[in-house]
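All remarks here apply to the structure that follows.
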Amino acid sequence: MKNTKVTLVPLTADDREQFIFDNQWAFKYGAMMEFGKRDDYTDNDGEIISRKTIEDCIDDPQTETYRIVVGGRKVGGVILKINKETHHNELEILFVSPEEHTKGVGYGAWQAVEALHPETKVWETCTPYFEKRNIHFYVNKCGFQIDQFWCEHFQPEQDMFENEKHALDEGPDEMFHFIKVRT
6 MKNTKVTLVP LTADDREQFI FDNQWAFKYG AMMEFGKRDD YTDNDGEIIS RKTIEDCIDD
66 PQTETYRIVV GGRKVGGVIL KINKETHHNE LEILFVSPEE HTKGVGYGAW QAVEALHPET
126 KVWETCTPYF EKRNIHFYVN KCGFQIDQFW CEHFQPEQDM FENEKHALDE GPDEMFHFIK
186 VRT
């Protein structure tokens, strides 16, 4: 397994627009690789993940937003929602520039995230059903387990995190929810 050394650098105000653009491109690239140029899974602006979703994540006072940096180059990003009371944290967004895929950048970033928050008891995240690379990454490399499949038959519990409710309303109709319990 490749283990690329990455650095997580806090997002700066002057990099916000590029972060959003890079994030949207990474998600759009994954959908195009799976479906071609069809746009069945895009929003009104042609995006897989909306600008509003990314901005809401960045602006949430409980989140930490970082650029993934390798060799001085910005090659991705990560947004973490940290609950300092329960230590049940969420990986809101993790993306790697398509040009950097298969180089161990995502795994290196995940290792850096875990090192940044060793107090975490539970990590949660989700990804669209068609993102086979992501499913492989979270389950086979990072040690997450799939605990829910969000689809038309799924009835979310009343106490789901607000962002998960939002993801069900905005994103693709079918998503996997992952959980990683640290022991």
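Residues 6 to 188 (our numbering) are what the sequence shown spells out, left to right. Yeah, the Cβ is synthetic: ideal placement off N, Cα and C, and Gly gets one too. Bear in mind the structure is a predicted one, so any value in this text is a computation, not a measurement.
From the DSSP output, in three-state form, read off residue i for me.
i: I54; result: coil
i: F189; result: As shown, the chain starts at 6 and ends at 188. That puts residue 189 outside it, with no answer to give.
i: Q29; result: helix
i: K146; result: helix
i: D65; result: coil
i: T47; result: Confidence is the limiting factor: at T47 the pLDDT is only 46, short of 50, which leaves the residue's position unreliable, though a coordinate-based value still follows. Three-state DSSP puts T47 in coil, outside helix and strand.
Spatial neighbours of residue i within its chain, please: C-beta separation below 6 Å, excluding the five flanking residues on both sides.
i: I63; result: T70
i: K185; result: W128, G148 and F149
Rounded to the nearest angstrom, what separates residue i and residue j at their Cα positions?
i: T188; j: R72; result: 28 Å
i: S191; j: T91; result: Absent from the model: residue 191. The displayed extent of the chain is 6 to 188, so no value can be given.
i: I54; j: I25; result: 10 Å
i: W155; j: N139; result: 16 Å
i: D20; j: D152; result: 35 Å
i: V14; j: Q23; result: 14 Å
i: K146; j: G77; result: 25 Å
i: C131; j: H141; result: 12 Å
i: R56; j: P123; result: 30 Å
Report, in whole angstroms, the separation of the C-beta atoms of residue i and residue j, which I expect to be a contact under 8 Å.
i: A114; j: G81; result: 6 Å
i: V75; j: V110; result: 6 Å
i: F100; j: Y143; result: In fact, because the Cβ distance is near 13 Å, the residues do not count as touching under 8 Å.
i: A120; j: V11; result: At roughly 11 Å, the Cβ-Cβ gap does not stay under 8 Å, so A120 and V11 are not in contact.
i: E52; j: K79; result: Actually they are not in contact, since the Cβ atoms of E52 and K79 sit about 20 Å apart, beyond 8 Å.
Tell me which same chain residues have a C-beta within less than 7 Å of the C-beta of residue i, skipping the five on either side of it?
i: T125; result: H92, N94 and R187
Among residues of its own chain, excluding the 5 on either side of residue i, which ones have a beta-carbon nearer than 8 Å to its beta-carbon?
i: Q67; result: K86, I87 and N88
i: I98; result: N28, I54, I59, C62, G82, V83 and I84
i: A31; result: G81, F100, V101, S102 and P103
i: E105; result: V75, V80 and G81
Looking at the ligand SAM, does it come within less than 8 Å of residue i, judged from the CB to the closest heavy atom?
i: D64; result: In the structure shown, the ligand SAM is absent, as is every other ligand, since no ligand is present at all.
| query | Enumerated in chain order, which unbroken segments of the beta strand (DSSP E) with a length of 3 residues or greater are wholly contained in the stretch 69 to 144? | reply | 78 to 86, 93 to 101 and 127 to 133
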